[in-house]
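Taking the working numbering, the leading residue of the sequence shown gets 1, the next gets one more, and so forth. All residues carry an ideal CB built from backbone N, CA and C; glycine is no exception. All values reported here derive from a predicted model rather than from experimental measurement. Accompanying notes for the structure given below.
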Amino acid sequence: MNWDFRRQQVQRGTLNAFLSGADTQLRGLAVTMPLKPEALQVATFADGLAKATGAVNTLVPATGGDWTGFNTDVRGIVEAFRGATGEELPSTGSAVIFGSGSTAASALAACAELGMKELTIISRNTEQTGAAFQAARRMGLCISAVAWHQTEAVNLALSAARLLMGTVPAPVQDALPMAQLRINPNSILLDAAYAPWPTPVARWAKSCGAQIIPGWEMLLHQGVAQVKLFTGEEIDAAVLRPTLLKVVNSTD
């Protein structure tokens, strides 16, 4: 396919104007934070996951200047975990998510799809105002909320968790109280952050014996889903992985 995929800087609050003036040959946009909630607002139509999570990371043009919004982050998380386990996860498992923003909202949806019955969000406080808490209410999920400073409660959740999902940006991970925490050595951590790699959370989890999935695996699988939406073509993730790793390694 002779396609051009390029980066475009769009300021917050200007996405609708950008779309109004977009080239008619544009087949879609891959949207990053902080524009994912805004992308949902400007989309004329949105898929169920986008509505549930409150975030659109993919915009595809429809007829008459309309745009359809999708969330492929959930698919990226699901496939990253499935690829690491090589098997279906037990339906009685539990998951812990670090952070409560838009990526955490997608992580909640993914963990629910993977069959995790007990879901815990660890964040700065337990006021439950973040995007993930709002998404949980929309999806009808029963979740527990624990603040980072509640060390005993955090360790209790971590000791039982099969899946761990990190959504805290790498630059602020050093401020997390990792030295006080212990996790189930049979757990699997997927950290959405991937540059620089390994992240502080990934190093900590590895030191505790957990299996680590780098964030670029999520990026890879959500990108494969995006390409299908843009082109209608199926692409094997294994074919794209070497190219992605080359790009990621060049930015470290």
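Just how far apart, CA to CA, sit residue i and residue j?
i, j, result
"Glu113", "Thr199", "26 angstroms"
"Ile212", "Val172", "19 angstroms"
"Asp4", "Thr167", "30 angstroms"
"Leu29", "Gly76", "17 angstroms"
"Val78", "Thr24", "33 angstroms"
"Glu233", "Gln226", "10 angstroms"
"Ser159", "Leu40", "36 angstroms"
"Thr85", "Ala131", "28 angstroms"
"Ala62", "Thr68", "6 angstroms"
"Leu189", "Phe81", "9 angstroms"
"Val60", "Gly48", "15 angstroms"
"Ala157", "Ser106", "20 angstroms"
The alpha helix (DSSP H) that contains residue i, what's its start and end?
i, result
"Ala104", "102-113"
"Met33", "Per DSSP, Met33 belongs to no alpha helix (DSSP H) and is neither H nor E."
"Leu164", "No alpha helix (DSSP H) holds Leu164; the beta strand (DSSP E) holding it covers 163-166."
"Thr53", "48-53"
"Phe133", "131-139"
Which of the three DSSP states, helix, strand or coil, is assigned to residue i?
i, result
"Thr199", "coil"
"Ile188", "strand"
"Gln150", "coil"
"Ile77", "helix"
"Val10", "coil"
"Leu181", "coil"
"Ala145", "strand"
"Thr243", "helix"
In terms of residue numbering, what span does the beta strand (DSSP E) encompassing residue i cover?
i, result
"Leu59", "58-61"
"Ala225", "Per DSSP, Ala225 belongs to no beta strand (DSSP E); it is in the alpha helix (DSSP H), 215-231."
"Ala95", "94-98"
"Leu19", "Not the beta strand (DSSP E): Leu19 falls in the alpha helix (DSSP H), residues 15-20."
"Ile235", "Unbroken run through Ile235: none, as it is neither H nor E."
"Gly69", "67-70"
"Glu118", "118-123"
Thinking just about the alpha-carbon of each residue, which of the options is nearest to the one in residue i?
i, options, result
"Arg27", "Pro34, Gly54, Glu38, Thr58", "Thr58"
"Ser37", "Gly64, Pro242, Pro196, Thr103", "First, the amino acid is wrong: residue 37 is Pro here, not Ser. Of Gly64, Pro242, Pro196, Thr103, the residue nearest in Cα terms is Thr103."
"Ala202", "Asn2, Ser94, Met178, Arg124", "Met178"
"Phe70", "Ala193, Gly140, Val56", "Val56"
"Ile183", "Asn155, Lys246, Ala95", "Asn155"
How would you label residue i, buried or exposed, when you count the other beta carbons within 10 angstroms and need 16 or more for buried?
i, result
"Thr53", "buried"
"Pro185", "exposed"
"Leu119", "buried"
"Thr72", "buried"
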